[in-house]
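The next block holds one structure in the form of structure tokens; read it before the comments.
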Amino acid sequence: MATLSFRDARQCVIETVRPAAGIEEVRLEDACGRVLAEPILADRDYPATARSLRDGFAVRSEDTPGRLRVTGEVAAGAVFAGNVKRGEAVEIMTGAPVPHSADAVVMVEHTKRDGEFVSVPAAKAGQFVNPQGSEARAGAQLLPPGSRLGYAEIAMLAAVGKTSVHVYKQPRVAVLATGDEIVEISDQPLAHQVRNSNAYSLAAQVRTAGGIAEILPVARDTEASTRALIEQGLAFDLLLISGGVSAGKHDLVERVLAGLGAEFFFDRVLIQPGQPLVFGRARGTFFFGLPGNPASTMVTFELFARAGIELLGGRREVRLPFALARLAAPFRHKPGLTRFLPARLSDDGSEVTPEPWHGSSDIPAMARANALLVAEAERESWEAGDLIRVLIK
Ligand code: AMP
Ligand code: MG
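Numbering (the working numbering), first residue to last: 1 to 393.
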């Protein structure tokens with residue numbers, strides 16, 4: 001069995017997981033958050049004709065500075081039929097096509113109008129003109145397959161006239177909690193029991209990663225129960241298991257998976273929370289065995305399972321939302337593990353404060369946090385004001 005560093009374990013997931021088959025067509029209105037399964041090409045030049053970037057006057061730069069005769073007007077949505085001849089200018093609005101023979105626009109604020117004449121300052125050729133095809137040439141690829149469709153990608157699809165688009169089908173992800181101590185969230189737990197919060201946090205994380213989650217019944221700490229439910233989960237595109245992967249006597253998940261012929265890529269990662277962490281494949285389905293403590297489950301999902309779902313869902317590139325911030329107070333940890341600890345990032349993202357927390361079961365600290373502080377495995381201490389990496393939540 002393999003123990004990997006944070007970086008190597010993440011690389012392993014990224015190199016192993018490939019899109020699960022399946023493409024469907026959706027209306028553009030329903031495409032936000034989906035993953036593109038076709039290339040998007042420019043249907044024409046962008047912009048399709050040279051356009052003015054300012055309200056002002058279209059001029060020939062060689063005539064400036066000077067006093068020019070205003071021979072017409074062109075608004076956005078209109079076309080100026082004639083030419084701008086020597087000594088002439090045409091009044092122009094932002095977004096309007098720049099008449100051919102003109103090569104610059106002067107801002108109206110920099111001019112002085114006097115009847116049919118206007119005095120303009122010196123203008124450089126190309127000034128305030130957005131040339132035809134400067135953003136993209138007709139036929140150029142604007143978005144490659146595998147792009148996640150956020151608002152700017154939706155704008156691009158709308159601009160090229162895609163009323164519907166081919167996207168990857170969303171991966172179906174089984175969520176399986178394990179443990180004799182776990183009760184339904186609608187139940188009143190006894191002192192030695194806990195509600196099944198992991199199934200719900202995982203389902204929420206699956207959804208934001210672009211998957212469709214299905215929560216399976218809780219597996220009890222017997223081989224028969226664990227096997228039956230893992231077999232159900234292996235019928236999905238991905239199986240997420242919470243709990244049962246530590247070294248305890250009742251941690252049966254790895255043994256049961258091995259009995260089902262699983263291939264294991266790693267089963268321990270040098271991180272905290274979340275050291276025991278299993279990634280493998282059985283019956284053609286990838287699975288993650290995430291440690292059951294709630295903070296461990298949430299953090300290991302973010303670090304590894306999210307990338308798995310994104311890649312299954314057709315993404316070609318995945319990236320963790322890391323940033324750098326200054327520590328509000330000194331910080332130290334025991335080197336050897338990369339730690340991901342709940343923290344508060346200031347509104348402007350410049351300063352980070354670790355949240356007081358009581359270990360991997362501390363859901364309140366995770367819920368208060370808006371980021372995770374990333375303490376590198378190789379370094380022991382940081383001073384107040386030092387830059388440190390954070391993972392934005
Ligand atoms: P395990 O990884 O199975 O050893 O579980 C470690 C601890 O995590 C357990 O003692 C529980 O307190 C907690 N835990 C396990 N599964 C869940 C779950 N589905 N929801 C909430 N807490 C859990
Ligand atoms: Mg357990």
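Cβ coordinates follow ideal geometry from the N, Cα and C atoms, glycine included.
Discussion item. Whole angstroms are fine: how far does the CA of residue 123 sit from the CA of residue 115?
Written reply: 21 Å
Worksheet item: Nearest to residue 249 by CA position, among 316, 273, 203, 179, is which residue?
Response: Here the closest residue by C-alpha is 179.
Worksheet item: Taking all protein chains shown into account, do 16 or more other C-beta atoms lie within 10 angstroms of the C-beta of residue 52, making it buried, or fewer, making it exposed?
Response: buried
Worksheet entry | Check whether residue 129 and residue 89 have beta carbons under 8 Å apart | no
Worksheet item: For residue 205, does the three-state DSSP call read helix, strand or coil?
Response: helix
Item to complete: Could you tell me if residue 421 is buried or exposed, where buried requires 16 or more neighbouring beta carbons within 10 angstroms of its beta carbon?
Response: Coverage of the chain is limited to positions 1 through 393, which leaves residue 421 absent and any answer about it impossible.
Fill in: Buried versus exposed call for residue 288 [16 or more other C-beta atoms within 10 Å across all chains shown]
Answer is buried; the Cβ neighbour count reaches 16.
Worksheet item: Could you check where the alpha helix (DSSP H) with residue 232 kicks off and where it finishes?
Response: 223-233
Practice prompt. Have a look at 85, 137, 54, 100 and flag the residue whose alpha-carbon is nearest the alpha-carbon of residue 108.
Written response: 54
Worksheet item: Should residue 95 be listed as close to ligand 1, given that the test is whether its C-beta is under 7 Å from any heavy atom?
Response: Residue 95 Cβ: outside cutoff for every heavy atom of ligand 1.
Fill in: Inter-residue Cα distance where the pair is residue 156 and residue 104
27 Å
Worksheet item: Can residue 178 be considered in contact with ligand 1, in the sense that its beta carbon sits closer than 7 Å to one or more heavy atoms?
Response: yes
Worksheet item: Measuring from the CB of residue 192, is there a heavy atom of ligand 2 at a distance below 7 Å?
Response: no
Worksheet item: Relative to ligand 1, is the shortest distance from any of its heavy atoms to the C-beta of residue 199 smaller than 7 Å?
Response: yes
Worksheet entry | Coarse secondary structure for residue 276, derived from DSSP in three states | strand
Worksheet item: Is the stretch 367-377 touching the stretch 342-356, taking contact as three or more C-beta pairs under 8 Å?
Response: yes
Worksheet item: Candidates 331, 317, 349: which alpha carbon is nearest residue 14's?
Response: 317
Discussion item. Measuring alpha carbon to alpha carbon, tell me which residue in 339, 388, 361 is nearest residue 194.
Written reply: For residue 194, the closest alpha carbon among the candidates 339, 388, 361 is that of 361.
Practice prompt. Determine, using beta carbons only, whether residue 268 and residue 277 come nearer to each other than 8 Å.
Written response: yes
Worksheet entry | Rounded C-alpha distance that separates residue 234 from residue 76 | 58 Å
Discussion item. Pull the bridge partners of residue 130 from the DSSP assignment, please.
Written reply: 51
Item to complete: Tell me, please, whether the stretch 9-24 touches the stretch 65-74 by the rule of three or more beta-carbon pairs shorter than 8 Å.
Response: no
Discussion item. Nearer than 7 Å: is that true of the beta carbon of residue 166 relative to any heavy atom of ligand 2?
Written reply: no
Worksheet item: Roughly how many whole angstroms lie between the Cα atoms of residue 173 and residue 45?
Response: Cα atoms of residue 173 and residue 45: separation of roughly 41 Å, rounded to the nearest angstrom.
Worksheet item: Under 8 Å between the Cβ atoms of residue 50 and residue 97?
Response: At a Cβ-Cβ threshold of 8 Å, residue 50 and residue 97 count as neighbours.
Worksheet entry | Delimiting residues of the beta strand (DSSP E) encompassing residue 392 | 387-392
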